Each structure stands twice: as structure tokens, then as C-alpha cells.
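Student: Numbering (my numbering), first residue to last: 39 to 233.
Virtual Cβ for every residue (Gly too), placed ideally from N, Cα, C.
Quick caveat: nothing in here was measured; it's all calculated off a predicted structure.
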């Protein structure tokens, strides 16, 4: 005695009868223009929906700045210089005691959304490793994230520090983490470009 499939003939008859009782087939055959119109509207609607899905949600404008912040190690003050210079550069106060340029890159931040704010702070300073040839250091690649941005021949430190650290070192990561910590309101600081 083997397994026998149940007979679904009755169910098939009921579905067929239900479909015929609705008389949709007759109605559709009498209104071909309406069917065509609805079909075109559905196709256009699906196409619009697919295009809407592929559009970017928000267009982010990237502003190119012509100037950078620099810090004069002699006068302990910020000054504005031409963008793209690799530190150390000449500072308004002249060279350091050892003859090296006194200008290093400064990263100025604010927690405010107002670009005219006075609520700013220097997150960290950047210079070039003296053991690395400056000509081998290119512009910063912003596609790289975190401390890796500074990892090739660049050193960072806080304003109050005396020693420089590689950004990818434990000390460097601590400096970056401290710079980008949230304030009491839970906001992350934004870079404030010079005008």
C-alpha cells in the first residue's frame, strides 16, 4: 500500500467557478483601452519608483578652502597661510632657536554651528617627521580615515605638549580621540576653516 495523493479536483472546480462568477474576464474584454491605460500607468509608476530609489538621499557639498590654519611655535599664536603647504613653514616670528621654521599646521574646531563663532579651540598641531624627506609627502588623502591620514611622515601633538607623536601610535590616537570627543550637549566638533 503506497502513498496516494489527494484529489484536488473539487478545489480546482471551486477556484474556476469563483473566477467565472466574478466576470472580470468579460469586463476586461469589453474595456481594452482602460486596461491599456492602467497598464501604462503601472509601468510608468514602477519606473518612477525605481529612479527615485537610485537618487542620492542628500547632496553633500564639499567646500574647497584656499587657506589653512598654522601655529607659530615662538609666539604661541594662530596665523593663516596658503593651503597645501607642508609644515614646518616660515612663521611671522621667524625661525625657532635651532633654525628650523616655526610654523606648524593647526586644526581649529568648534562645537557651534555659527561660522562667526568665537567658541573655537585648537584640536592638535601637525608637522612633518624630520627623518622623512618633505618632497615624498603628498597632500593629505581624505579618503583614508582616522589616524591613517597622518601615518606617512606626519607627527601630531596637543598645543600644551612638548613632544610630537605619530598619529597612528597609542599617544597619537589618544590625541585624536580627545579632539573629537562630544561636548556636554552631545555634539561632535566641526573643523572651522579660515576665511
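(1) Could you spell out where the beta strand (DSSP E) holding residue 92 opens and where it closes?
(2) Using a Cβ-Cβ cut-off of 7 Å (strictly less than) and excluding sequence neighbours within five positions of residue 157, which residues of its own chain qualify?
(3) Starting from the Cα of residue 134, find the closest Cα among 118, 123, 197, 111 and give me that residue.
(4) From the DSSP secondary-structure annotation, give me the bridge partner or partners of residue 202.
(5) So for residue 156, helix, strand or coil by DSSP?
(6) Counting C-beta neighbours from all protein chains within 10 Å, is the total for residue 192 16 or more, i.e. buried, or is it exposed?
(7) Apply the 10 Å Cβ neighbour rule to residue 180 and answer buried if 16 or more other Cβ atoms are within range, or exposed otherwise.
(8) Please return the same chain residues whose Cβ sits closer than 6 Å to the Cβ of residue 109, not counting the five positions on each side in sequence.
(9) Would you mind reading off the limits of the alpha helix (DSSP H) that contains residue 215?
(10) Please state if the CB of residue 165 and the CB of residue 267 are separated by a distance shorter than 8 Å.
(11) Please list, in chain order, all residues of the same chain as residue 161 whose beta carbon is under 6 Å from its beta carbon, the five residues on each side excluded.
(12) Going by DSSP, what residues sit across from residue 142 in a beta bridge?
Tutor: Quick answer:
(1) From DSSP, residue 92 is part of no beta strand (DSSP E) but of the alpha helix (DSSP H) over 70-92.
(2) 148, 149, 150
(3) 111
(4) In DSSP, residue 202 forms no bridge with anything.
(5) coil
(6) Classification of residue 192: buried, given that the 10 Å Cβ count is 16 or more.
(7) Residue placement at residue 180 cannot be trusted, given a pLDDT of 45 that sits under 50; the coordinates are not used to answer.
(8) 116, 142, 144, 163
(9) 208-217
(10) Nothing about residue 267 can be reported from this structure: the residues present for the chain run from 39 to 233 only.
(11) 145, 147, 217
(12) 109
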